[in-house]
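Okay, so here's the structure we're looking at.
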Amino acid sequence: MLCAVRRTRIKICGVRDAATAQAAVDAGADAIGFVFEPTSSRYINPSEAWRLLGRLPPFVTTIGVTRNASLERFVQIERLCPTDFSQLHGDEDEESVRACGPRVIKVIAFNDETIDAQLRRWSRVDEVDAILVDAPTPGAGRAFPWEPLAAAHERHAGGAKPIILAGGLTPDNVEEAVRLVRPFAVDVSSGVESSRGVKDHDLMRAFCEAVRTADAAVYST
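Using this note's numbering, the letters of the sequence shown map in sequence onto residues 65 to 285.
Below you can see the structure in the form of structure tokens.
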């Protein structure tokens, strides 16, 4: 009898060069994130990202990250570098999200008082395929208490869109995060960097190994 295999997907975000992209894939990343927000230290020009995308092996998912981009800007990026998913990392409203769909990952900042409403809100939007839950201060590289999110995730089991966990994840804490929250995927950027915007290949490998260790404990039968 065959059993379904459950595992946590891994996204490494803020990739800016071919060597890092290849190292992320070799480490076991399922998805690569390209940051198209010009103010970010991890920014990559969409045309350059398209060249990197063309060198990725089959079945690696690509995700373009924007923040409060105008629809005109969003369409321009999509023309230059059409990724598999679009991650909206700002204060976009439902109308904007729908216009950028389909295949949208909507980012929300965790707040214990609003998490239930936020999960309900974005789960009702058809164009949203997953909800990424980030730290209260996104991009700060600091984790937040996962227990309240785990409880909210449990309350919405079967009703909410898949959850992607982000915010201060590192090779040292991601195993615990996966065990507690059991998200569909985890997203890491600063937690696998040797300096801001510079990915460390050893840290990426250690991060992916930690996720697989957690999966073996959580989903083994």
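Where is the CB? At the ideal position from N, CA and C, for every residue including glycine.
Bear in mind the structure is a predicted one, so any value in this text is a computation, not a measurement.
Applying the criterion that 16 or more other CB atoms from any shown protein chain within 10 Å of the CB defines a buried residue, is residue i buried or exposed?
i, result
"G223", "exposed"
"R115", "exposed"
"T72", "buried"
"G78", "buried"
"L233", "buried"
"D81", "exposed"
"S134", "exposed"
Which residue or residues does DSSP assign as beta-bridge partners of residue i?
i, result
"S259", "V262"
"D198", "A173"
"V168", "S150, V192"
"T130", "L152"
For residue i, which option in the options has the closest C-alpha, if you only look at C-alpha atoms?
i, options, result
"E257", "A87, R71, T72", "A87"
"F149", "D193, N109, P121, P122", "D193"
"G97", "E191, V252, S187", "V252"
"P146", "E159, A199, T125, F248", "T125"
"K263", "A85, R70, I74", "A85"
Give me the Cα-Cα distance between residue i and residue j, rounded to the nearest whole angstrom.
i, j, result
"A274", "L144", "35 Å"
"E211", "I195", "17 Å"
"V139", "H220", "33 Å"
"G165", "A95", "19 Å"
"F271", "E142", "30 Å"
"R292", "D180", "There is simply no residue 292 to check, as the chain begins at 65 and stops at 285 in what is shown."
"A68", "Y283", "For A68, the pLDDT reaches just 49, beneath the cut-off of 50, and the residue's location in the model is therefore unreliable, although a value from the coordinates is still provided. For A68 and Y283, the distance between alpha carbons rounds to 10 Å."
"T178", "F123", "35 Å"
"V189", "N109", "29 Å"
"A93", "E136", "31 Å"
So, under 8 Å CB-CB, residue i and residue j are touching, yes? Tell me the CB distance rounded to an integer number of Å.
i, j, result
"R269", "A91", "4 Å"
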